[in-house]
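Following: one structure in structure tokens, then a few remarks.
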Amino acid sequence: MASIESIVRDSQPLKGPHVIEYPFRRSCGPILSEFFGALREGRIVGIRSKTAGVLVPPSEYDPVTAEALDEFVDVGPGGEVVSYSWVSKPRPLQRLDHPFAFALIKLDGADASMLHMVDVGGDESAIQVGMRVAPRWSAERKGHIADIEAFVAEADAVAAPPVLSGEDKPVRAIRTPLRLEYDFTAGREQTIFLRGLAHKMILGARRPGDDLVYVPPRGADPRTAEPTSEIVEVSDKGTVVTYSIVRVPSENIDLELPYVCINVLLDGSNLPFFHVLQKCELDEVRLGMRVQAQWVPDAELSASVTSIAFFAPIDEPDVPYEDFKEYC
Amino acid sequence: MAELCAVIGVGQTNFDANRIDVSMPGLLREAALRALEDAELTWADIDAVVVGKAPDMFEGMMLPENYLADALGATGKPLLRVHTAGSVGGSTANVAMSLVSAGLHERVLTISFEKQSESNAMWALTLSPPFSVSVVAGAGGFFAPLVRTYMHRSGAPEDTGIRVALKDRLNALKNPYAHLKMPDISYEMIRDSMMLWDPIRYLESCPSSDGACAMILSNEKLAERTPRKPAWVHGSSMRSEPVQFAKRDAVNPMSGRMAAQDLYSQAGIKDPRKEIDCIECYVPFSWFEPMWMETMGFADEGEGWKLTLDGTTALDGSRPVNMSGGVLSSNAIGASGMCRYAEAANQVRGEAGEHQVAGAKKALGHAYGGGSQYFAMALFGAEKP
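As they're listed, the protein sequences go chains A and B. Position one of the first sequence corresponds to residue 28 (our numbering), numbered consecutively onward. Position one of the second sequence corresponds to residue 86 (our numbering), numbered consecutively onward.
Okay, structure coming up:
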């Protein structure tokens, strides 16, 4: 059986991967819609501004005077590398799998440069500032910046192949998928809490000399910012201080609907937290009811909140509201 | 002595579930141009721009303010962004007011927005880091237990939330910019709508909207020259607290009470029940109307619901609340706080259109955010403070 002391001693913070991923949409508005529609046709358009000449991609507003812009100008498709940054080890989600350059390219007829990729077959010595480049068009163009696969040496470029889809509806929105990969670190106090769960122990913390126990421990008392350095074990039994019955689906939540989300105050703790109540008829859930953590089988226990499968009612009398009214 | 500050122009977009007709800059532009038009000014008349929106993850764009300078005429001017979760529309205006009051700038454009159709707020609010389990289903999942606690504490009739929703949805019919307009709305429709987060029903909840709201603020000298009547700022306040601490009252939060008291003290309000004519407050789920009435001192604790039931908060009541239809009718999250301010300002300007409260002299705008932990408020007057 683990002791608090052994868990606290082994408090090297837990780490794990945290991936945030979503296919965000960008509505284009009338100006960028024209730009993406032109790309689908194998053309590049810019827009004329009074103060900064022809801008590519077209801007909706003059960068200095803020006036609305509407005079489209065909540019390119050839242009000149103004500056570049060599990518020697492409990342998994980048569009080329061999070394390439991100480059600022000033297209013929434009006054501002556009950011895109230059593909010189992975040979860094083949690119230089001032180099003439032209698009290598994608065969299947959809009205997206990736309709240009990359820019290549002008001598190697071929004219845009015709549009295969025959699609001519305005491009009103594009998808811009995002994926962020974090190394999540739980921190010292949360690590102690999580390691406790692997041993069916619920650990909280308090300021030395104080009687308020925080579960999960937060490292400091949120009221005073003083460290809560004393680790204490609390019961896995508690009281429902409030709840809701969730009937609406949500991303990242796999629970079957409807489910009961309870705010539970564990015996010995002074901070209620959210969890799920099961093995209870929906019309029997009530404020003050007594519940207990139901742990996953021993073989599945781990340093994770998933070690508590859910809470379930226990055969103990309800706690009067007066006794927990400060906690809800 | 601080400068006086006034709202001299108000503009908002039409709110809708999907403003696919405009880009994000285009959306802000629409509100900003309407505010400039209201004040009869041009971009060149603006000294600084203060932008607000809720978390970046709601659209998946880091620091969107960084590419809004051309759309908002901010080139060569200070452009800054404020972020205090759902209260941001209020706190953004408060920051802009402080720039004017401090004498740093004479005219400031303040604007806030959300384009919820670009993403999914439920997803953004339930990101599940390692070692944890997500059980709280979005904002409704967080706030529903608080509503249940309020119902228990106050003993309010169970249909209070239905009555608030009916009132606000009827008010929205008079607001040309509102997202949700339900001409056939009825008590029964709301009562019979689906429970989403019991005890919160579908029609007791706010929609997901795209939209923006803008205000032009100026100092006293320039406000006196403005073509339309200004709304004078009599006070503005912000308070915060942690989302969790032992014995926290999340139903009637300390920071909300402190912000209201600070606001009344700045504005010289001794009895808000007698001196404030109407209130536009942040009510994303209908039960929050009675809750905020108590927090802001318009009712004793446990009695906020009586103001709904006796008609005090109705548009033709003695102290109307959410005349515009409120957050229940349009919720572009980042814009929502500023829409509250804009409505309060327009009421004392006499520019509130069909939802004008006759003779409104003092109006309160209110916003909250996070887990009821950030509060922003402002009090607007028809006369100088």
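We treat Cβ as the ideally placed atom computed from N, Cα and C, and that holds for glycine.
#### Entry: Partners in chain B for V273/A, counting only beta-carbon separations shorter than 7 Å
In chain order: A222, G226 and W282.
### Query
Sorted by chain position, which residues of the same chain lie with C-beta nearer than 7 Å to A133/B's C-beta, five sequence neighbours on each side aside?
Hits under 7 Å: K162, P163, L184, H190 and V193.
### Message
Between I31/A and chain B, is the shortest Cβ-Cβ distance under 7 Å, so that the two count as touching?
### Response
no
### Message
Strictly below 9 Å CB to CB, what residues from chain B border A330/A?
### Response
F216
### Same chain only: Cβ atoms within 8 Å of G240/B, ignoring 5 sequence neighbours per side
For G240/B, the CB contacts under 8 Å within the same chain, skipping 5 residues up- and downstream, are G387 in chain order.
### Message
I'd like the ranges of any beta strand (DSSP E) spanning at least 3 consecutive residues and lying wholly in the region 286–315 of chain B.
### Response
295–304
### Task
Determine the closest residue to A206/B out of E278/A, V291/A, D294/A and T333/A, with distance taken between C-alpha atoms.
Of the candidates E278/A, V291/A, D294/A and T333/A, the one whose C-alpha sits nearest the C-alpha of A206/B is E278/A.
#### Entry: Contacts that N205/B makes with chain A (C-beta to C-beta distance below 9 Å)
Y49 and E278
### Query
Do you know whose CA, among K138/B, V368/B and G158/B, lies nearest I131/B's CA?
When the alpha-carbon of I131/B is set against those of K138/B, V368/B and G158/B, the nearest one is in G158/B.
#### Entry: Selection of the region 90–105 of chain A by Cβ proximity to chain B, strictly under 9 Å
P90, V91, T92, A93, E94 and A95
### Task
Please name the residue, chosen from M109/B, Y272/B and L212/B, that lies closest to E199/B on a Cα-to-Cα basis.
M109/B
### Message
Quick check on the DSSP output: the alpha helix (DSSP H) that includes A137/A runs from which residue to which?
### Response
Run containing A137/A: none; DSSP gives neither H nor E here.
#### Entry: Best match in I74/A, T92/A and E253/A for proximity to A129/B [C-alpha to C-alpha]
T92/A
### Query
Less than 7 Å separating the beta-carbons of P244/A and G223/A?
No, these two residues do not count as a Cβ contact at 7 Å.
### Task
Keeping to the same chain, check which residues put their C-beta closer than 6 Å to that of S115/A; ignore five residues upstream and five downstream.
P126
### Message
In the DSSP output, which residue or residues are listed as bridge partners for S325/B?
### Response
According to DSSP, S325/B bridges with Y459/B.
### Query
Sorted by chain position, which residues of the same chain lie with C-beta nearer than 7 Å to E326/B's C-beta, five sequence neighbours on each side aside?
P338, M339, S340 and Q458.
### Task
May I ask you to list the residues that DSSP assigns as paired with Y49/A?
DSSP links Y49/A through a beta bridge to L205/A.
### Contacts around K266/B, its chain only, beta-carbon distance under 7 Å, and the 5 residues preceding and following it disregarded
A257 and L258
### Task
To the nearest angstrom, report how far apart G136/A and V102/A are at their CA atoms.
5 Å
### Task
Would you identify the three-state DSSP class for C424/B, choosing helix, strand or coil?
helix
### Query
Nearest-angstrom Cα distance between E428/B and S76/A?
37 Å
### Query
Exposed or buried, what is D395/B when buried is set at 16 or more other beta-carbons lying within 10 Å of its beta-carbon?
With fewer than 16 other beta carbons inside 10 angstroms of its own, D395/B counts as exposed.
### Task
Anything in chain A within Cβ reach of G111/B, meaning under 7 Å, just list it in chain order.
G56 and E87
### Task
Starting from the C-beta of S176/B, find all residues in its chain whose C-beta is less than 6 Å away, skip the five residues before and the five after it, and write them out in chain order.
So the qualifying residues of the chain are V167, T169, M323 and A461.
#### Entry: Candidates I341/A, Q155/A, G69/A and A330/A: closest to Q39/A by CA position
Nearest of I341/A, Q155/A, G69/A and A330/A to Q39/A, Cα basis: A330/A.
### Task
Determine whether the Cβ of H440/B lies closer than 7 Å to any Cβ atom of chain A.
no
### Message
Suppose you measure from the CA of K227/A to the CA of V328/B; what does that come to, to the nearest Å?
### Response
K227/A and V328/B have their C-alpha atoms roughly 27 Å apart.
### Query
Are L210/B and G223/B touching if we call contact CB-CB under 7 Å?
yes
### Message
I want to see whether chain A comes within less than 7 Å of V135/B, judged by CB atoms only; does it?
### Response
no
### Query
Does DSSP put E194/A in a helix, in a strand, or in coil?
coil
### Query
CA-CA distance, Y287/B and F216/B?
Each residue's Cα considered, the two are about 32 Å apart.
#### Entry: Proximity test, Cβ basis, 7 Å: P471/B and chain A
With chain B covering only 86 through 470, there is no way to say anything about residue 471/B.
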